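Note sheet for the following structure.
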Amino acid sequence: MGEPARWQERVEEFVLGWIGDPPAKVLEVGCGKGELARALARAGHSVIAIDPRAPEQAPEGPVFRRERIEEFCELGPFDHVVASLSLHHVEDLGMALGKVADLLRAEGTLVVVEFAWDRIDEATAEWVLERLPAASPSEKPSWLRRCCRGWTRGDEGGMCDHGGHTEAHFAGWAGEEGLHDSQRVRAELQRHFVERHFEWVPYLYPDLADGVSEADESVAIEVEAINATAFRYVGTPAP
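As structure tokens, this is what we get:
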């Protein structure tokens, strides 16, 4: 695989850099396996981390709660709310972000790292396909390999899914997974928050073959050979 540990390091660097010195009261929305929440706690922050995943998948520890943001009832205010690769999964995104804004103190920050699957165009798809690692029968396929199932080169050299276009293939996959696209996520962020920081960043390299680095993907983005497929965002509640 590429550099999965590097991705997590970069997320932690970004989030901790914006949150600043401890102690701060932090809510993480969609904590996954809990790596970021643990990093925040180690840094001295007071953390509540929520995720609706099944009990057998949920991380253990006093900071973790199996709960959806839509149902979260802890009283604020929080100094910061963090959402790393989770907002595109939230069913009622507008309501959830409105609730996040209400949970933050007036000058508090929402710190976001998000996936932009809708920016995987044909050139980006070709670049990925050429760099996927060999499949292993003993390992669970990565999300990138799963979403590429049935995805083949068409007769004319372009990418297709049983006769469809690249964008249609990924839209179909995202529809099955119930994912929001980056335009929807950004529109809801704009509705509820004032943007303080935004940047496009690499995302695909952790699931590519050994030797494919963050720097390789960054260069491909810079020369416009592929699209960036993730973004970082920081905002404060809209007045």
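Numbering (this note's numbering), first residue to last: 3 to 241.
Just so it is clear, CB atoms sit at the ideal spot from N, CA and C, and this is done for glycine as well.
Small disclaimer: the values here were computed from a predicted structure and weren't measured.
No Cβ-Cβ contact shorter than 8 Å links A125 with I223. Residue environment: D94 is assigned as exposed (fewer than 16 neighbouring CB atoms within 10 Å of its CB, all protein chains considered). Under the DSSP assignment, A51 falls in the beta strand (DSSP E) whose first and last residues are S48 to I52.
Beta-bridge partners assigned by DSSP to F195: P239. Taking a contact to require three or more Cβ pairs closer than 8 Å, the region 191 to 201 and the region 209 to 216 do not qualify as touching. The count of Cβ pairs closer than 8 Å, one atom from the region 85 to 105 and one from the region 125 to 145, stays below three, leaving the stretches out of contact.
Below 8 Å, enough C-beta pairs join the region 18 to 25 and the region 44 to 55 to call them touching: three or more. E226 and W129 have their C-alpha atoms spaced approximately 12 Å apart. The DSSP assignment places complete beta strand (DSSP E) segments of no fewer than 3 residues inside the region 169 to 237 at 195 to 203, in order along the chain.
If you look at D104, you'll find it in the alpha helix (DSSP H) that goes L95 to L105. Going by C-alpha positions, G19 is about 12 Å away from T111.
Considering only F117, W145, R188 and V31, the residue with the shortest C-alpha distance to K101 is V31.
For F74, there is no enclosing alpha helix (DSSP H), as DSSP marks it with neither H nor E.
A direct Cα-Cα distance of roughly 24 Å separates L146 from V17. Restricting attention to L181, A173 and R234, the CA atom closest to the CA of E15 is found in R234.
Restricting attention to L89, E109 and A136, the CA atom closest to the CA of Q185 is found in L89. Between the alpha carbons of P239 and L191 lies a gap of roughly 10 Å.
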